[in-house]
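Participant: Residue numbers (our numbering): -5 to 156.
Backbone N, C-alpha and C fix where the C-beta goes; we use that ideal spot for every residue, glycine too.
Here the structure is a predicted model, which is why all the values come from computation and not from measurement.
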Ligand SMILES: C[S@@+](CC[C@H](N)C(=O)[O-])C[C@H]1O[C@@H](n2cnc3c(N)ncnc32)[C@H](O)[C@@H]1O
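This is the structure:
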């Protein structure tokens, strides 16, 4: 049985997504995971503008279906995969890059999973919520009509594992 969603759905503004993807410096053919992909907007923009394979994991059945439909409508269904499930249970070891828009508590809970599964050099961007006690290599601020968003970039390295 799937555990209950631990973060509410709130789509990241598109301008924030653009900045987050720019910070990741994605290359064609890389593999991106969006943990909690909502309506699939991050996956779709990553596939469309960077030609990467984008995998979204979404626990809410309705949203996972919408994300798939949106990818089809955007013409990137061949590059986008949506898994309906709990991201704590999905192997992330093949990821080149990861996007998060979750909460500080969930980011804290993901740290061990990242340390155990991700290769050195894997990039992580987290929208609004930093990963507690990890040092970002870059932080950008994005102003939107709703609120200001900080976007934090991390890269897995031996220091983090210590
Ligand atoms: C703040 S929304 C972000 C949506 C999308 N990434 C975006 O930036 O527009 C967080 C999403 O994570 C999903 N979620 C929460 N806990 C999850 C879990 N354990 N596994 C998979 N998805 C989860 C929620 O259902 C929600 O859609």
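Say yes only if the C-beta of residue 114 is nearer than 6 Å to one or more non-hydrogen atoms of ligand 1, and no if none qualify.
Facilitator: It does not: the Cβ of residue 114 is nowhere closer than 6 Å to a heavy atom of ligand 1.
Participant: What are the partner residues of residue 72, as DSSP defines its beta bridges?
Facilitator: Per DSSP, none; premise fails for residue 72.
Participant: Tell me which residues share the same chain as residue 142 and place their Cβ nearer than 8 Å to its Cβ, disregarding the 5 neighbours each side in the sequence.
Facilitator: For residue 142, where only same-chain residues beyond five positions count, the Cβ hits under 8 Å are 135 and 136.
Participant: I think residue 117 touches residue 91, with their Cβ atoms under 8 Å apart; what is that distance to the nearest whole Å?
Facilitator: Indeed they touch by this definition, with Cβ atoms about 5 Å apart.
Participant: Any chance the CB of residue 80 is under 6 Å from a heavy atom of ligand 1?
Facilitator: Yes, since a heavy atom of ligand 1 falls inside the 6 Å radius drawn around the Cβ of residue 80.
Participant: Can you tell which of 40, 104 and 81 has its C-alpha closest to the C-alpha of residue 128?
Facilitator: Checking every option, the nearest Cα to that of residue 128 belongs to 104.
Participant: By a C-beta neighbour count over all protein chains shown, 10 Å radius and 16 as the cutoff for buried, is residue 56 buried or exposed?
Facilitator: Per the 10 Å Cβ criterion, exposed.
Participant: So the alpha helix (DSSP H) residue 46 belongs to, where does it begin and stop?
Facilitator: That residue, residue 46, is in no alpha helix (DSSP H); it is neither H nor E in DSSP.
Participant: Would you tell me roughly how many angstroms separate the C-alpha atoms of residue 15 and residue 133, rounded to the nearest one?
Facilitator: Each residue's Cα considered, the two are about 13 Å apart.
Participant: In chain order, what residues of the same chain have a beta carbon less than 6 Å from the beta carbon of residue 146, not counting five sequence neighbours either side?
Facilitator: If we look at residue 146 and ignore the five residues flanking it on each side, its Cβ neighbours are 120, 124, 130 and 133.
Participant: Going by DSSP in three states, residue 80 sits in which element: helix, strand or coil?
Facilitator: In the structure shown, residue 80 sits in coil (DSSP, three-state: anything other than H, G, I, E or B).
Participant: Okay, do the segment 37 to 52 and the segment 2 to 20 touch, 3+ Cβ pairs below 8 Å being the bar?
Facilitator: Taking 8 Å as the limit for Cβ pairs, the verdict is that the segment 2 to 20 does touch the segment 37 to 52.
Participant: Which word fits residue 44, buried or exposed, when buried means at least 16 other C-beta atoms lie within 10 angstroms of its C-beta?
Facilitator: When all chains shown are included, residue 44 counts as buried.
Participant: Taking residue 159 as the reference, give the member of 138, 28 and 154 with the closest Cα.
Facilitator: Lying outside -5 to 156, the shown extent of the chain, residue 159 is not represented and no answer is given.
Participant: In its own chain, which residues sit with a C-beta less than 6 Å from the C-beta of residue 111, not counting the 5 before and 5 after it?
Facilitator: Excluding residues within five positions, the ones whose Cβ falls inside 6 Å are 86 and 87.
Participant: If you drop the 5 nearest sequence neighbours on each side, which residues of the same chain put their C-beta closer than 8 Å to that of residue 107?
Facilitator: So the qualifying residues of the chain are 82 and 86.
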